[in-house]
Amino acid sequence: MSDGTPEGDRAAATTIAGETVLHEGYRTLARYRNRHAEPDGSRSDEETRDLLMAGRVVGVIAHDPAADKLVLIRQYRLAAHLATGKGDLVELVAGGVEDGEDAETSVRRELKEETGLDATRIVHLFDAMPTPGICTELAHFYYAEVDASKLPDRAGEDEHEATFPFALPIDEAIALIDSGACVNGFLMLGLHWFARKRAV
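Quick note on numbering: the sequence shown equals residues 6 to 205 in the working numbering.
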């Protein structure tokens, strides 16, 4: 009997009838045929879904508690340019979890690569799937304590993925998403969480 508390995500009995790789590149695109259990206990008809196989990533809320500022980055995104005409995005530090890495190691590596900073403290906050209808990407969000006074003007180990880090007072950063000035989903997820919690 339910106590009135909403039930969260749960396992669904799924039968995979077939898998075909459609494309292999930076990401793999795969086609699945499957049937699954519906919430009422019935079985679905066989359906076909094309999924982008993206793996695990990290998103980092980088915070300087002494200055009470958040460290964000600017980075060019072709997809954003094509969708909105604005390809120069404000973002959280983020990136993929590489083979053999745990998520915390990825946080430290991405933070160093994209901002030039080292974290003095790291805390896992929450996990999220940004687009579960079409993509397997699972994002692990972390808080990282940093010293923003050491920010360089430009970072990024790969010259084709230059990042431009900057520090912003927390209220100004939150105002960016409240005003609709930024569309990056990771940025909105992370800053909405931080706006509610503030302390880690």
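Glycine is no exception: its CB is placed at the ideal position from the N, C-alpha and C atoms.
CB residue i to CB residue j, shorter than 9 Å?
i: G121; j: L156; result: yes
i: E118; j: A160; result: yes
i: A85; j: K91; result: yes
i: A186; j: V95; result: yes
i: Y147; j: A178; result: no
i: C227; j: A16; result: Residue 227 is absent from the model: the chain starts at 6 and stops at 205.
i: I78; j: F169; result: yes
i: R82; j: L143; result: no
i: V26; j: T20; result: no
i: S49; j: R38; result: no
i: L181; j: L194; result: no
Among the candidates the options, whose CA atom is the shortest distance from the CA of residue i?
i: P36; options: E51, S47, F171; result: In the sequence as presented, Pro is not what sits at residue 36; that position holds Arg. If we check each option's Cα against that of R36, E51 comes out closest.
i: G64; options: T141, I179, V102, T20; result: V102
i: V98; options: E115, A16, M134, G23; result: E115
i: A124; options: G195, P70, C140; result: P70
i: N189; options: D14, S154, P135, A153; result: P135
i: E29; options: T19, H41, R40, L57; result: L57
i: A46; options: Y31, V26, A200, A18; result: With the sequence shown as reference, residue 46 is identified as Gly, and Ala is not the correct amino acid for it. Answer by Cα proximity: A18.
i: G23; options: R54, T110, D152; result: R54
i: S154; options: H68, P11, Y31; result: H68
i: D158; options: Q80, E106, T110; result: Q80
i: D14; options: T89, Y31, P137, D93; result: P137
Tell me, which residues are paired with residue i by DSSP?
i: I21; result: N39
i: H145; result: V63, D132
i: A160; result: T168
i: D69; result: K74
i: L34; result: H28, L57
i: I139; result: Its beta-bridge partners do not exist; DSSP assigns none.
i: P174; result: K74
i: I127; result: A149
i: R48; result: A42
Check whether the Cβ of residue i lies closer than 9 Å to any Cβ atom in chain C.
i: G185; result: In the structure shown, chain C cannot be found, because there is only a single protein chain.
Taking 8 Å as the line, does the beta carbon of residue i fall inside it for any heavy atom of the ligand ZN?
i: D14; result: With respect to the ligand ZN, the structure shown offers nothing to examine, as it has no ligands at all.
Task: Complete beta strand (DSSP E) runs within the stretch 75-122 (minimum length 3 residues, chain order) - done: 93-96, 98-101
TODO: Spell out a yes or no on whether the stretch 127-136 and the stretch 169-188 are touching, meaning 3 or more CB-CB pairs, one atom from each, closer than 8 Å.
DONE: no
TODO: Pair every Cβ in the stretch 171-179 with every Cβ in the stretch 72-81, then say whether three or more of these pairs are closer than 8 Å.
DONE: yes
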